[in-house]
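Chemist: Below is a structure I'd like to ask you about.
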Amino acid sequence: MSKSSRSILNSAASRRGCTLLLICACVLLGNTTHADPALVDWNESTRFDDWYMQGDAARLQRWRDIIASGQHLDEAEKLSLANDFFNGARFVSDAELYGVADYWATPTEFIARDAGDCEDFAIAKYFTLKAMGMDVAKLRITYVKSLTLDQAHMVLAYYPTPDAEPLILDNLNRLIKSAGQRRDLRPVYSFNAEALWLSRTRNEQIKTGSPSQLNQWRQMVARLDPELR
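139 is the number of the first residue of the sequence shown in this note's numbering; add one for each residue after it.
Here is the structure:
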């Protein structure tokens, strides 16, 4: 990360919301504390068939059907289909589901349990839209501060064009709204499979590196089903 990016994070941390931003700074700088892998009752060889047997088979099959049908829809319809499907799942903390403080589930892990936290909703929508044929350059998994809840949150942002105002897919607000309509969210950083951006303001992001800087992202991708990569 560049010196300018570090400076932005340090100065942001001194303002309101410093706790959230300091946490995000640690993530971006690679200083996160790793959970003990032994606390999670799977290994990196876990794949779709294992979860299919353990989870809700009908829901997993429905997901596959949605991906297949979504390939023939326009982008607005793809967004609605993915958003509605995953927002039917339950919000449950990582501590309750996995026994660790922070765990980024793959889409199949999330679907099989029909539950997850905000990261799991955003990640599942991202990879489902990708599987439907959407260009990942239009998608960014976005860490925000929820001003209403006064806590960290994650959503998926869709950019119809590179300079357009994004649409926000959120598990807390089931309506897809523009970022301008979501003044309750303050962006902190965002990423997709290609790059990572730091938010300087609501409308200004600077490219600051690769998603490989995010430890949880790397670990999740290693467990990802091959057909979703």
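Where a beta carbon is used, it is the ideal one built from N, C-alpha and C, also for glycine.
Please list the terminal residues of the continuous beta strand (DSSP E) segment that includes K283.
Modeler: Taken as a continuous stretch (DSSP letters only), the beta strand (DSSP E) holding K283 covers 277-284.
Chemist: Suppose you measure from the CA of P364 to the CA of T266; what does that come to, to the nearest Å?
Modeler: The alpha-carbon atoms of P364 and T266 are separated by roughly 13 Å.
Chemist: Which value, in whole angstroms, describes the spacing of the CA atoms of Y281 and L294?
Modeler: Roughly 9 Å separates the two Cα atoms.
Chemist: Looking only at DSSP bridge pairs, what is F224 linked to?
Modeler: Looking at the DSSP assignment, F224 forms no beta bridge with any residue, so it has no partner.
Chemist: At what residue ranges does the region 304-365 contain a whole run of the beta strand (DSSP E), taking only runs of 3 or more?
Modeler: Complete beta strand (DSSP E) runs here, min 3: 305-307, 323-329, 334-339, 342-347.
Chemist: Determine the burial state of F229: buried for a count of at least 16 other Cβ atoms within 10 Å of its Cβ, exposed for fewer.
Modeler: So F229 ends up on the exposed side.
Chemist: How long is the line joining the alpha carbons of H210 and G254, rounded to whole angstroms?
Modeler: Using only the alpha carbons, I get a separation of about 28 Å.
Chemist: Give me the Cα-Cα distance between A360 and L366, rounded to the nearest whole angstrom.
Modeler: Whole-angstrom Cα-Cα distance: 11 Å.
Chemist: Cutting at 8 Å between CB atoms, please list the residues of its own chain near G168, excluding the five before and the five after it.
Modeler: Low confidence applies here, because G168 scores a pLDDT of 45, under 50, leaving its location unreliable and the question unanswered by this model.
Chemist: Should A302 go down as buried or exposed, given a rule of 16 or more other Cβ atoms within 10 Å for buried?
Modeler: Under this definition A302 is an exposed residue.
Chemist: Suppose contacts are defined by Cβ-Cβ distances below 8 Å. Is N221 in contact with C256 by that definition?
Modeler: No, they are not a contact pair.
Chemist: Between which two residues does the beta strand (DSSP E) holding Q209 run?
Modeler: Neither: Q209 is in no beta strand (DSSP E) and is coded neither H nor E.
Chemist: Buried or exposed for E215, please, with buried defined as at least 16 other CB atoms from any protein chain shown within 10 angstroms of its CB.
Modeler: Its Cβ having fewer than 16 others within 10 Å, E215 is exposed.
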